[in-house]
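What follows is a single structure, written as structure tokens, with notes after it.
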Amino acid sequence: MRICSFLAAALVLSTTAARADVKLPAIFSEHMVVQADAKVPVWGWAEPKEEVRVSLAGAEATASADVNGRWRVELPKLKVGGPHQLVVQGKNKLTIGDVLVGEVWLGSGQSNMAMTVNRCLNYEAEQKAANLPQLRMFTVRSTAANEPQADCTGEWVVCKPDTVGGFSATAYFFGREIHKAIKQPVGLINSSVGGTPIESWIPAGAQRAEPKLAEFLKAHDEAYQSFDPVKAKAAFEKQLAKWKTDVAAAKAAKKPLPRKPNDPIENRNRKGDVGGLYNGKIAPLVGYAIRGALWYQGEANSTPQKAPYYQVQLPLLVGEWRRAWNQGEFPFAWVQLPNFGGDRPGWPVVREAMAKTLAVPNTGMAVTTDIGDSKDIHPKNKQDVGKRLALWALAKVYGQDIAYSGPMLKSAAASGDGMVVTFDHADGLKSGGDKLLGFELAGADKKWHPAEAKIEGATVVVSSPEVKEPAAVRYNWHEEPTGNLTNATGLPAGPFRSQEWE
């Protein structure tokens, strides 16, 4: 009896001690990078009404935990430098070491953002060159959730030859360019999941309040609610058995191995419902001071049924993330879908939606129609992807006087039996071969025909003997385009169409 009483008392004491402990979210951990020249929020949990003191790089702030044990302070702007210690003092004391102050960028999206450096071109050379202790990455390991989460799992990792292989390649190559150019620490937060659609990454409430998404969400909800896990598992097991038989046959015939079927239940859990990945992988980060965000996604929304809605969803995602962070219109850039083979009619439509979203202030885009892989939806050249994103950031965020974009459609007008196309970022227009490729013309009948194109100063004149009275022009409007127009920098022109015909 006395032993039981002793254990009960010990349990009460341990529970009280646990409740009294000051705690921090996972993002506040050793090797972290905090944003320079911006107010730095720090938050966590403690005993209700407990006073908490936070100090970092000579700055201090205090707060009292609310009735739910939540507390938050805001440190004043910090200067670039480090390493420092983040000290959080309540009834207990937390000391977080090796904290740098520099530039912080959030990278998100699906598999091409998740794709790691060890799967990219020239990995061995990249690995040897990756001794960059002032570049760090935090990879969010948490999964989708039904409600916004207060914390996630993950850790900050210092960039070294033996760690860089696990970094998001797009984020890493972007961060490396920024780090080398401005000579400041760079922290990269990777929160991405392969095979996931944009609707998983936007708060559900914002999507359901958008009338333009009503039909889209109706179709989604019907499919989501009608999902039968028992039937799905049985069908998958049949597919898996057939796949194993096909693999054995392919090996015997020394032919390429067939692709393993995807587990539909695992796919469903990975994506979550509408807003599920926002809840599990973005909400825990909201408030952490960042310079801006990078987005590489769109493949999962390139079906004909989904693609037209992307022009609503991408601006909504940008706006909702900015609203959540309450950091004003922080810089936001994305990677336009690259060239890729196959019958994917929605692919150019998603590209167009990405280009249209550049109308949102303080946004940018990397055109990649020349560096994809017709046979691989995960092109290995992430070096140039990161570099193109970094060119935009260096020019528009960090104020460097450099070219950052290839030619982008400005206007198109009929002229005689042809059309004259003008571009922004048109200095030194040139073709990547003997003649310009990728242009098409259509008349009032809306039938497209290959066209001849020639550069005249800062314009391109497009004509076709099959179109006497042109009504529209388009360029690189295919999943795997052949266009070769660039400007003097060699950056490719963005795909476009002058008329949005179905």
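For what it's worth, my numbering labels the leading residue of the sequence shown as 212, then goes sequentially. Cβ coordinates follow ideal geometry from the N, Cα and C atoms, glycine included.
Nearest-angstrom Cβ-Cβ length linking residue i and residue j, presumed shorter than 8 Å
i, j, result
"Glu540", "Arg533", "6 Å"
"Val312", "Pro252", "Wrong, their Cβ atoms sit about 14 Å apart, outside the cutoff."
"Glu366", "Ser513", "So it is not a contact: roughly 33 Å between Cβ atoms."
"Gly255", "Val299", "7 Å"
"Leu652", "Pro681", "5 Å"
"Pro515", "Gly557", "5 Å"
"Leu605", "Ala464", "Incorrect: roughly 51 Å between the Cβ atoms, too far for contact."
"Pro259", "Ala276", "6 Å"
"Glu285", "Lys250", "5 Å"
"Trp545", "Trp506", "4 Å"
"Asn537", "Ala637", "At roughly 38 Å, the Cβ-Cβ gap does not stay under 8 Å, so Asn537 and Ala637 are not in contact."
"Gln338", "Gly376", "6 Å"
Beta-carbon proximity check, residue i vs residue j, cutoff 8 Å
i, j, result
"Ala662", "Thr633", "no"
"Leu528", "Ser402", "no"
"Lys665", "Leu647", "yes"
"Gly617", "Met565", "no"
"Ser379", "Thr327", "yes"
"Gly597", "Phe384", "yes"
"Leu696", "Ser626", "no"
"Pro559", "His660", "no"
"Thr407", "Leu488", "yes"
"Gln321", "Gly405", "yes"
"Asn342", "Pro372", "yes"
"Arg502", "Val608", "yes"
"Val369", "Val315", "no"
"Ala504", "Phe543", "yes"
"Thr568", "Pro549", "no"
"Phe349", "Ile400", "yes"
"Val485", "Ala415", "yes"
"Pro706", "Arg562", "yes"
"Ala355", "Ser411", "yes"
"Asn490", "Asn357", "yes"
"Thr381", "Ala237", "no"
"Ala445", "Ile476", "no"
Buried or exposed (CB count within 10 angstroms, at least 16 for buried), residue i
i, result
"Ala715", "Given that the chain is displayed from residue 212 to residue 713, the structure contains no residue 715 and the question cannot be resolved."
"Ile413", "buried"
"Ile389", "buried"
"Ala704", "buried"
"Ile613", "exposed"
"Asp554", "exposed"
"Arg708", "buried"
"Phe551", "buried"
"Phe438", "exposed"
"Thr693", "exposed"
"Gly269", "exposed"
"Lys593", "buried"
"Asp248", "exposed"
"Leu468", "exposed"
"Leu640", "buried"
"Gln522", "buried"
"Thr574", "buried"
"Ala361", "exposed"
"Lys482", "buried"
"Trp712", "exposed"
"Asp581", "buried"
"Gln611", "exposed"
Interface flag, residue i vs chain D, CB-CB below 8 Å
i, result
"Ile393", "Here there is only one protein chain, and chain D is not present."
- Task: Taking only runs that begin and end inside the stretch 532-583, name each unbroken alpha helix (DSSP H) of 4 or more residues, in chain order.
- Result: Complete alpha helix (DSSP H) runs here, min 4: 558-567.
In chain order, which continuous runs of the beta strand (DSSP E) of length 3 or greater are located wholly inside the stretch 467-526? Residue ranges of uninterrupted beta strand (DSSP E) with 3 or more members, entirely inside the stretch 467-526 and ordered along the chain, are 503-507.
- Completely contained alpha helix (DSSP H) runs for the stretch 411-444, where each covers 4 or more residues: 415-419, 425-436
Could you give the uninterrupted runs of the alpha helix (DSSP H) lying entirely in the stretch 299-335, keeping only those of 4 residues or more? 322-325
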